[in-house]
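Protein chains in written order, with the numbering used here: chain G, 2 to 223; chain B, 220 to 466.
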């Protein structure tokens, strides 16, 4: 079982690195959205500092959604997904491997880019640290929840906008707790409560989301 | 009891018996609606603080209750459909979605009409308003998903998964939004033994709630009958029912 898990992660990582160009796209997207805010709102430092947590997190949310869109697409088109459904390995474990591999190539780079964006928006240092922590817990959460929507829309031709409609409401708690933690950290307040809440959401998603993803895949592929 | 439920799950029996129920249900809906509106709008005394404008509550509160009640029902039916594979359960889920979305919209709209004189704004980013708005998004997402998938069975099953995921998330969304911001007045009816609302207002409110439930039942049965007919249009009993013109 663990072998299949590892093999799938290796395969997905290899596939991702063979298409290196595509890896950069969500990151570029993440960067560009954040850049638009000073241009559209105001370059004033005090204002930017105030809206920075929300801006960066909303950009991360959108970038995660757009990068997720293709999570099962190529496997669905070349039939590998059906082989996964037919294999004797538990499907929920296999999809967990796929989500994990996807997070490694899309979520993790966002984590590395975020401090830079924080500096661009004049965030104080403790807030950047909190931003990193919330992104570290939050982006896997976004991948897990989003994958449910991707699995439901995988057979559809224009699933992109629909995916956003399905998943956006489910992202709201993550957004609330993460931005609140960053804002609190900027004000010098303790953030343990918000972090614990995010972590418990992650544990809940880790246990339940793979089951939902597997069920959704079985429905939309059959 | 089980035997009756099994029989009810067959589309043909459901079609027959719901046809008999609908006239009664719609009659009761009209009666309770008229009585509830009369007592609510004419008989109940004006509020000492809010004057006459509190009366919108007799529409607003039952609509808000229905918006959550229907989502829970849809989750229940989706569960039944996914576990026991009962076709009628997914017919009921699909038929309920638009009604649920309409009640949610009604609750939001009446709330906003009430908010203008009371809070001085059409919309405030209060916790309960926001979670009701998110509930509307969840309904619309479900409707969009079901509409996007061509095969009806697949659409209903996929929608079922989405509804169940939503039901796990609703309390999380609700409490996170509550924690985020709160302005809406606290619940006044939930403690039935000692509600902080006067009886002369509570009774019309409850009558209106019953009336809304009956309305929902009537309309959902009508929609479900249409859906059953559409799905079974090739089966023998439907053809027989409509004079069997073979196509």
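Using N, Cα and C, we set each Cβ at its ideal position, and we do this for glycine too.
(request) Select from B:274, B:230, B:301, B:279 the residue whose C-alpha is nearest the C-alpha of residue 347 of chain B. (result) Mapped onto the second chain, residue 347 of chain B falls at position 128. Checking every option, the nearest Cα to that of residue 347 of chain B belongs to B:279.
(request) Look up residue 411 of chain B in the DSSP assignment and say whether it is helix, strand or coil. (result) Counting from one through the second chain, the residue named residue 411 of chain B turns up at place 192. Note that residue 411 of chain B scores a pLDDT of 47, beneath 50, so its modelled location is shaky; the value from the coordinates is reported in the next line. Here residue 411 of chain B sits in coil by DSSP.
(message) Just to confirm before moving on: does the CB-CB distance between residue 35 of chain G and residue 57 of chain G stay below 8 Å?
(response) Residue numbering aside, residue 35 of chain G sits at position 34 when the first chain is read from its first letter. Residue numbering aside, residue 57 of chain G sits at position 56 when the first chain is read from its first letter. Yes, Cβ-Cβ distance for residue 35 of chain G and residue 57 of chain G is below 8 Å.
(request) Reducing DSSP to helix, strand and coil, say where residue 462 of chain B ends up. (result) Your numbering for residue 462 of chain B matches position 243 in the second chain. Residue 462 of chain B falls in the coil class under three-state DSSP.
(request) Tell me whether residue 119 of chain G is buried or exposed, calling it buried when 16 or more other Cβ atoms sit within 10 Å of its Cβ. (result) If you number the first chain from 1, residue 119 of chain G lands on position 118. Classification for residue 119 of chain G: buried.
(message) For residue 270 of chain B, list the residues DSSP reports as bridge partners.
(response) Here the question's residue 270 of chain B lines up with position 51 in the second chain. Note: residue 270 of chain B sits in a beta bridge opposite B:266.
(message) For residue 183 of chain G and residue 135 of chain G, what's the separation of their Cα atoms in angstroms?
(response) To locate residue 183 of chain G, count along the first chain from 1; it is residue 182. To locate residue 135 of chain G, count along the first chain from 1; it is residue 134. Roughly 8 Å separates the two Cα atoms.
(message) Quick check: is the beta carbon of residue 59 of chain G nearer than 8 Å to any beta carbon in chain B?
(response) The count along the first chain starts at 1 and reaches residue 59 of chain G at position 58. Output row for residue 59 of chain G: interface = no.
(request) Could you work out which residues of chain B lie near residue 10 of chain G, taking near to mean beta carbons separated by less than 8 Å? (result) The count along the first chain starts at 1 and reaches residue 10 of chain G at position 9. Result: empty, since nearest Cβ-Cβ is about 25 Å, beyond 8 Å.
(request) Can you have a look at residue 446 of chain B and say buried or exposed, based on whether 16 or more other CB atoms are within 10 angstroms of its CB? (result) Mapped onto the second chain, residue 446 of chain B falls at position 227. That one is buried.
(request) Taking only beta carbons into account, state which residues of the region 369-383 of chain B come closer than 8 Å to chain G, listed in chain order. (result) Within the region 369-383 of chain B, the residues whose Cβ lies closer than 8 Å to some Cβ of chain G are 373, 376, 377, 380, 381, 383, listed in chain order.
(request) Please compile the residues from chain G whose C-beta is within a distance smaller than 7 Å of the C-beta of residue 367 of chain B. (result) Along the second chain, one-based indexing puts residue 367 of chain B at 148. 157, 163, listed in chain order.
(request) Could you have a look at residue 44 of chain G and say whether DSSP puts it in helix, strand or coil? (result) Counted from its first residue, the first chain places residue 44 of chain G at position 43. Note: residue 44 of chain G maps to coil in three-state DSSP.
(request) In angstroms with no decimal places, state the Cα-to-Cα distance between residue 85 of chain G and residue 92 of chain G. (result) Locating residue 85 of chain G in the first chain gives position 84, where the first residue counts as 1. Locating residue 92 of chain G in the first chain gives position 91, where the first residue counts as 1. Roughly 7 Å separates the two Cα atoms.
(request) Please name the residue, chosen from G:200, G:114, G:137, G:214, that lies closest to residue 98 of chain G on a Cα-to-Cα basis. (result) For the purposes of this step, residue 98 of chain G is identified with residue 97 of the first chain, where counting begins at 1. The shortest C-alpha separation from residue 98 of chain G is found at G:214.
(message) For a contact defined as C-beta to C-beta under 9 Å, what are the partners of residue 73 of chain G on chain B?
(response) For the purposes of this step, residue 73 of chain G is taken as residue 72 along the first chain, with counting starting at 1. Per Cβ cutoff of 9 Å: no residues; residue 73 of chain G is ~14 Å from chain B at best.
(request) Please confirm if the region 419-426 of chain B is in contact with the region 318-335 of chain B, defined as three or more CB-CB distances below 8 Å between the two stretches. (result) no
(message) For a cutoff of 8 Å on Cβ pairs, would you count residue 20 of chain G as touching chain B?
(response) As a position in the first chain, residue 20 of chain G is number 19, starting the count at 1. No, residue 20 of chain G lies away from the interface with chain B (no Cβ there is under 8 Å from its Cβ).
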